[in-house]
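Structure first, then comments.
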Amino acid sequence: MHLSSARAIVTGGVSGLGLAVARHLVAHGGKVALFDVNDEKGAAAVAELGEANARYFKTDVTHEAGVVGNVNAAREFLGGLNVAVNCAGILGSGRVLGKEGAMPLSQFQTTVMVNLVGSFNVAKAAAELMQHNEAGTDGERGVIVNTASVAAYEGQIGQAAYSASKGGVVAMTLPMARELSRFGIRVMTIAPGVFWTPMVDGMPESVQQSLAASIPFPSRLGQPAEFADLVAYILGNTYLNGETIRLDGATRLAPK
Ligand SMILES: NC(=O)c1ccc[n+]([C@@H]2O[C@H](COP(=O)([O-])OP(=O)(O)OC[C@H]3O[C@@H](n4cnc5c(N)ncnc54)[C@H](O)[C@@H]3O)[C@@H](O)[C@H]2O)c1
Numbered sequence: 001m002h003l004s005s006a007r008a009i010v011t012g013g014v015s016g017l018g019l020a021v022a023r024h025l026v027a028h029g030g031k032v033a034l035f036d037v038n039d040e041k042g043a044a045a046v047a048e049l050g051e052a053n054a055r056y057f058k059t060d061v062t063h064e065a066g067v068v069g070n071v072n073a074a075r076e077f078l079g080g081l082n083v084a085v086n087c088a089g090i091l092g093s094g095r096v097l098g099k100e101g102a103m104p105l106s107q108f109q110t111t112v113m114v115n116l117v118g119s120f121n122v123a124k125a126a127a128e129l130m131q132h133n134e135a136g137t138d139g140e141r142g143v144i145v146n147t148a149s150v151a152a153y154e155g156q157i158g159q160a161a162y163s164a165s166k167g168g169v170v171a172m173t174l175p176m177a178r179e180l181s182r183f184g185i186r187v188m189t190i191a192p193g194v195f196w197t198p199m200v201d202g203m204p205e206s207v208q209q210s211l212a213a214s215i216p217f218p219s220r221l222g223q224p225a226e227f228a229d230l231v232a233y234i235l236g237n238t239y240l241n242g243e244t245i246r247l248d249g250a251t252r253l254a255p256k
């Protein structure tokens with residue numbers, strides 16, 4: 001599809017990778033509905049992108065009814081819905097056996113709820129509406145793009161919960177693409193390496209530096225605009241479907 005016709009829900013769309021996607025789509029004539037739980041950043045994002053092109057919908061992606069309601073409201077605002085980009089996520093790092101004892105199950109559950117269950121929750125609610133879209137080129141009716149992580153493949157110590165959640169996102173990509181193919185809805189996932197976002201900003205500088213040094217080429221953190229560029233490419237190339245693309249400068253995460 002052409003980016004100018006993108007009517008997109010972007011979860012986690014007020015920060016980091018999601019905000020970069022929103023910026024890219026709006027810059028190319030698309031419209032975005034930002035699903036997030038951060039009101040302050042939501043207001044700032046809409047102020048930047050313009051009220052005609054972007055609206056913030058306070059949405060916890062783990063909440064089933066809330067997501068359904070806001071997906072419907074988003075379609076009203078957007079004047080249609082043909083793109084859903086899942087970027088909402090949390091790190092949820094912690095050891096299985098930490099200094100204070102075993103990881104509370106609630107920590108593992110929360111991480112899987114937001115990153116995996118939340119992505120599914122938004123994808124199924126968006127697909128439910130997209131199936132009724134008028135078919136475009138090749139019969140396409142919509143595109144869902146999820147965000148996994150290279151930690152789905154090489155999780156580090158402290159990433160058991162995060163890796164499990166992202167591995168789930170990778171694993172549901174193909175069955176979802178297969179199933180939704182009859183509606184002309186594509187499902188793709190991006191597995192980013194280490195990107196320069198508020199999530200990484202919060203890490204100690206020594207950790208950031210060692211992360212950058214560990215990336216073969218280019219030996220730096222990824223830029224959110226580079227992630228947005230790949231999302232845009234996926235939207236534009238109808239033959240991409242059911243696959244996870246690593247975007248990582250050849251990074252392979254070390255055990256720690
Ligand atoms: N930054 C990286 O290096 C990196 C690498 C690999 C994968 N990722 C993934 O990319 C995605 C975006 O990460 P980012 O770096 O932009 O992080 P970020 O913290 O800047 O943005 C994440 C956004 O998700 C929102 N969010 C959290 N829980 C939510 C919920 N329950 N409902 C709705 N919104 C919620 C947050 O408020 C925030 O605005 C995440 O899924 C993350 O796991 C990031």
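So for the sequence shown, UniProt numbering puts the first residue at 1; every next one is plus one. C-beta atoms are modelled at their ideal positions from N, C-alpha and C, and glycine is treated no differently.
(request) Scan the stretch 113–189 and note each continuous beta strand (DSSP E) run of 3 residues or more that stays entirely inside, going in chain order. (result) 142–147
(request) Drop a sphere of 10 angstroms on the beta-carbon of Y56, count the other beta-carbons inside from all chains shown, and report buried for 16 or more, exposed for fewer. (result) buried
(request) Leaving aside the five residues before and after residue 302 along the sequence, list all residues of the same chain whose C-beta is less than 8 Å from its C-beta, in chain order. (result) Lying outside 1 to 256, the shown extent of the chain, residue 302 is not represented and no answer is given.
(request) Report yes or no: do three or more beta-carbon pairs, one from the stretch 130–147 and one from the stretch 226–244, lie closer than 8 Å? (result) yes
(message) Bridge partners for T244 per DSSP, in chain order?
(response) T189
(request) Compute every distance between the C-beta of L17 and the non-hydrogen atoms of ligand 1, then say whether any falls below 7 Å. (result) yes
(message) When you measure from the CB of A88 to every non-hydrogen atom of ligand 1, does any distance come out below 7 Å?
(response) yes
(message) Taking the straight line between their C-alpha atoms, what separation do you get for H63 and Q159?
(response) 24 Å
(message) Restricting to Cα atoms, I'd like to know which of T59, F195 and V83 is closest to V32.
(response) V83
(request) Look at the alpha carbon of Y239 and the alpha carbon of E134, and state the distance between them as a whole number of angstroms. (result) 19 Å
(request) Using only alpha-carbon positions, find the residue among Q107, V117, L211 and L129 that is nearest to G184. (result) L129
(message) Quick check on R23: does DSSP put it in helix, strand or coil?
(response) helix
(message) Among L25, N241 and E40, whose alpha-carbon lies nearest the alpha-carbon of R7?
(response) L25
(request) Sort G66, E48, V68 and I90 by Cα distance to G12 and report the nearest one. (result) I90
(request) Output the distance between the C-alpha atoms of N241 and F227, rounded to the nearest integer angstrom. (result) 17 Å
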